[in-house]
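In this note's numbering, the protein residues as written are 179 to 488.
This is the structure:
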């Protein structure tokens with residue numbers, strides 16, 4: 179199999195490249211900035227000619243995205259929606275057999291506690307962030323594609339591990355500053371996914387029935403307080419926790435975002451998306467992935483978090 183991995187410089191992308199190479203597949207990689215990866219082709223999926231990327235490719239694994247709580251609507255639309263549509267169309271025209279999209283469970287979030295959600299769970303009328311809205315639209319483009327190419331997607335929850343630039347780095351930064359906020363007492367339940375489990379799920383999804391999407395997690399949920407405790411023990415960093423009521427954290431996030439926009443647009447430390455992610459429970463049912471794909475999580479958080487401190 180000859181596979182293309184977009185967003186190959188990211189946490190999931192690198193893990194996917196490693197796993198595909200380990201399985202003996204021929205891999206082409208791409209990202210906007212040049213990196214040292216197999217058969218690398220620098221490309222901007224929004225503006226560049228995509229035909230050289232997909233020529234001779236059997237399967238496309240689309241991991242590239244603007245994964246941020248802080249960017250403009252046009253930026254999210256370009257990178258997450260338009261680029262996905264262009265890549266799907268170019269892949270179909272090139273005769274690619276399978277297209278697998280890395281979606282996001284942020285599309286489930288509605289500001290309330292939501293537990294053990296299956297893939298057919300009701301989605302909010304309005305997404306809680308521009309990021310979630312853009313991923314929801316991009317997923318729809320992929321799964322509703324009509325053509326010879328079979329398209330599938332996964333919704334991996336809170337990917338972490340080596341090369342993670344979002345989840346644990348932000349937590350570690352807070353720990354090193356000496357204070358970790360505990361929104362709503364840190365009681366919100368969160369399930370996470372190690373990068374290698376997410377990568378294996380992408381590969382399994384390439385053989386799943388077209389038009390389907392699967393939730394992916396480690397299969398275990400923790401309170402935010404428990405996650406912080408495990409990371410703290412692994413890191414040896416001394417810190418204390420600061421309890422913040424949910425309504426106070428939300429008000430602070432609104433103020434922080436307003437000041438950030440007035441001050442030039444730099445991402446504030448606290449955003450409404452972060453407050454919802456850390457202060458409200460969101461856990462996923464992965465029984466469909468177990469049944470349809472034979473997916474089995476292999477890396478516990480206790481095991482996987484160790485590599486973040488190497």
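Just so you know, even glycine gets a beta-carbon here, dropped at the ideal spot from N, CA and C.
Whole-number beta carbon distance between residue j and residue i, since they are thought to touch under 8 Å
i           : j           : result
residue 194 : residue 377 : 4 Å
residue 284 : residue 261 : Rounded, the Cβ-Cβ distance is 18 Å, inconsistent with contact.
residue 342 : residue 477 : Rounded, the Cβ-Cβ distance is 13 Å, inconsistent with contact.
residue 190 : residue 337 : 6 Å
residue 293 : residue 459 : 6 Å
residue 236 : residue 274 : 7 Å
residue 344 : residue 245 : 6 Å
residue 379 : residue 438 : Wrong, their Cβ atoms sit about 35 Å apart, outside the cutoff.
residue 312 : residue 255 : 6 Å
Distance between residue j and residue i (C-alpha atoms, nearest Å)
i           : j           : result
residue 332 : residue 314 : 12 Å
residue 429 : residue 447 : 13 Å
residue 295 : residue 461 : 6 Å
residue 280 : residue 381 : 11 Å
residue 453 : residue 415 : 23 Å
residue 231 : residue 400 : 40 Å
residue 396 : residue 367 : 13 Å
residue 358 : residue 200 : 38 Å
residue 432 : residue 348 : 19 Å
residue 239 : residue 325 : 17 Å
residue 354 : residue 248 : 23 Å
residue 509 : residue 485 : Because the chain here runs from 179 to 488, residue 509 falls outside it and cannot be looked at.
residue 419 : residue 226 : 47 Å
residue 287 : residue 423 : 19 Å
residue 229 : residue 241 : 18 Å
residue 392 : residue 463 : 9 Å
residue 426 : residue 361 : 9 Å
residue 323 : residue 267 : 9 Å
residue 197 : residue 373 : 10 Å
residue 413 : residue 487 : 6 Å
residue 421 : residue 356 : 14 Å
residue 475 : residue 218 : 29 Å
residue 411 : residue 473 : 30 Å
residue 363 : residue 457 : 8 Å
residue 209 : residue 435 : 29 Å
residue 291 : residue 404 : 17 Å
residue 417 : residue 340 : 23 Å
residue 299 : residue 319 : 19 Å
residue 441 : residue 301 : 34 Å
residue 216 : residue 346 : 27 Å
Among the options, nearest to residue i - alpha-carbon criterion
i           : options            : result
residue 370 : 394, 408, 427      : 394
residue 402 : 465, 479, 383      : 479
residue 207 : 256, 183, 287, 466 : 183
residue 211 : 217, 204, 222      : 222
residue 386 : 278, 236, 188, 179 : 278
residue 203 : 437, 473, 180      : 180
residue 214 : 475, 197, 187      : 187
residue 282 : 258, 217, 365      : 258
residue 409 : 306, 298, 483, 271 : 483
residue 444 : 185, 388, 250      : 250
residue 305 : 289, 319, 197      : 289
residue 469 : 185, 390, 312      : 390
residue 297 : 346, 330, 417      : 330
residue 398 : 434, 417, 335      : 335
residue 406 : 300, 365, 449, 388 : 365
residue 263 : 321, 300, 291, 473 : 321
residue 276 : 234, 291, 301, 252 : 234
residue 252 : 224, 272, 457      : 224
residue 327 : 417, 209, 271      : 271
Residue environment, residue i, which counts as buried when at least 16 other CB atoms sit within 10 Å
i           : result
residue 451 : buried
residue 351 : exposed
residue 317 : buried
residue 500 : This structure leaves residue 500 out entirely; the chain is present only between 179 and 488.
residue 269 : buried
residue 192 : buried
residue 153 : The requested residue 153 is not part of the displayed model; the chain covers only 179 to 488.
residue 449 : buried
residue 388 : exposed
residue 481 : exposed
residue 185 : buried
residue 243 : buried
For residue i: DSSP bridge partner residues
i           : result
residue 311 : None, per the DSSP bridge assignment.
residue 392 : 332
residue 208 : 184, 219
residue 292 : 460
residue 276 : 237, 328
residue 337 : 371
residue 360 : 421
residue 400 : 368
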